[in-house]
Amino acid sequence: MTRVPIEPMGSTVRKTDSGAGRVLVAVYGIFALAATARASVQLLTKFEQAPLAYLLSALAGVIYIVATITLARGTRASRRLALIAIIIELIGVVSVGTLSILYPEAFPRATVWSSYGIGYGFVPLVLPIVGLAWLWRTRPVNPQ
Amino acid sequence: MIDALAYVVIALAGAATIWGLVTAVANKPPGKAQLLFAAGVEVVTVAQSIIAAAKLAAGFRPVELATTIGYLIGIVILIPIAWFWANVERNRFSGIVLAVAALAVLAMTLRLLVLWTPAG
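Here the protein sequences come in this chain order: R and Y.
Heads up: the first sequence at position 51 corresponds to 51 in our numbering, and the numbers run straight through without jumps.
Add 144 to the 1-based position in the second sequence for our numbering, that's all there is to it.
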């Protein structure tokens with residue numbers, strides 16, 4: 001195993017952008033790009049067709065951007081922001097996923113989070129869970 | 145877009161994905177050949193987007209123009225960014241980063257094949 005050396009005792013912050021974290025940042029980056037681009041097209045060209053769905057797409061895009069940047073920075077302050085973004089993301093995908101199945105008429109156009117992200121291979125559902133697990137794994141050893 | 149070229153991109157991106165996963169399982173960073181291969185995938189992808197842009201400029205109109213343009217731009221920026229990101233810290237995860245980008249290029253090219261339909 002070539003584990004990235006974790007700083008020994010007394011270290012405060014373990015890097016969220018190291019080792020497997022680089023893959024997590026890469027996947028978040030792709031979803032930031034996908035969700036933001038999708039929302040921009042939707043909002044600019046056909047906002048009136050499904051305002052709720054398109055605004056949710058935009059929200060998802062913003063959350064993915066925040067998560068990507070904060071996980072890539074990996075400082076103590078950015079970890080906190082990442083945690084908030086990922087919790088909102090988890091709530092978003094679970095609630096939009098559930099609502100889009102219960103009330104499909106409220107979501108006439110798909111968002112990244114519709115049906116738990118079925119259009120993206122359910123990655124949007126798995127991603128926040130992996131993100132939270134990663135923040136936990138890299139949590140500060142010695143909180144002041 | 146040229147359909148045949150799209151299938152070439154899909155095949156190459158698929159190979160790059162598997163290659164990235166193989167080196168990750170073998171616990172090795174991506175080797176020189178692998179990085180050159182990723183660059184090759186990028187070259188073919190760029191060629192595809194340039195051809196598509198030329199066809200758009202010549203008057204071809206797909207059903208969802210804005211989405212199509214977004215995808216054509218998206219597929220060319222993924223591998224360079226992943227390349228950079230994979231090389232900053234070189235280990236088994238570099239290969240997975242390349243694999244993720246290649247898989248995204250594959251998926252987006254599949255989607256482009258569907259999007260590239262003339263508007264009614």
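C-beta atoms are modelled at their ideal positions from N, C-alpha and C, and glycine is treated no differently.
Whose CA, out of the options, lies closest to the CA of residue i?
| i | options | result |
| --- | --- | --- |
| Y:G264 | Y:F204, Y:K172 and Y:V152 | Y:F204 |
| Y:T212 | Y:R255, Y:A251 and Y:A230 | Y:R255 |
| R:V93 | R:D17, R:A50 and R:A110 | R:A110 |
| R:S57 | R:P140, R:P124, R:R139 and R:W136 | R:P124 |
| Y:T189 | Y:V169, Y:A210, Y:L222 and Y:A168 | Y:L222 |
| Y:A191 | Y:T253, Y:L259 and Y:P262 | Y:T253 |
| R:V25 | R:P104, R:F122, R:V66 and R:W136 | R:V66 |
| Y:A246 | Y:V153, Y:I195 and Y:N231 | Y:V153 |
| Y:A210 | R:T138, R:V27, R:R38 and R:I63 | R:R38 |
| Y:A251 | R:V96, R:P104, R:Y120 and R:R22 | R:Y120 |
| Y:W260 | Y:V185, Y:A177, Y:Y215 and Y:A160 | Y:Y215 |
| Y:V241 | Y:T167, Y:L149 and Y:Y151 | Y:T167 |
If you measure from the beta carbon of residue i to each beta carbon in chain R, is any gap under 8 Å?
| i | result |
| --- | --- |
| Y:T261 | no |
| Y:E233 | yes |
| Y:I162 | no |
| Y:V244 | yes |
| Y:G268 | A query on residue 268 of chain Y cannot be resolved here, the shown segment of chain Y reaching from 145 to 264 and no further. |
| Y:V241 | yes |
Within 10 Å of its beta-carbon, does residue i have 16 or more other beta-carbons around it, so buried, or fewer, so exposed?
| i | result |
| --- | --- |
| R:G10 | The predicted model places R:G10 with a pLDDT of 43, which falls under 50 and marks its position as unreliable, so this point remains unresolved. |
| Y:L180 | exposed |
| Y:N171 | exposed |
| R:E89 | buried |
| R:F47 | exposed |
Just checking my contact of residue i with residue j at CB under 8 Å: how many whole Å lie between their CB atoms?
| i | j | result |
| --- | --- | --- |
| Y:A182 | Y:W229 | The pair is not a contact, with the Cβ atoms about 12 Å apart (cut-off 8 Å). |
| R:P108 | R:A53 | 7 Å |
Say whether chain Y places a C-beta atom closer than 8 Å to the C-beta of residue i.
| i | result |
| --- | --- |
| R:S78 | no |
| R:G74 | no |
Taking contact to mean at least 3 C-beta pairs separated by less than 8 Å, is the segment 41 to 60 of chain R in contact with the segment 69 to 84 of chain R? They do not touch, by the three-pair rule.
Assess, as a yes-or-no matter, whether the segment 191 to 202 of chain Y is touched by the segment 229 to 238 of chain Y under the definition of 3 or more beta carbon pairs within less than 8 Å. no
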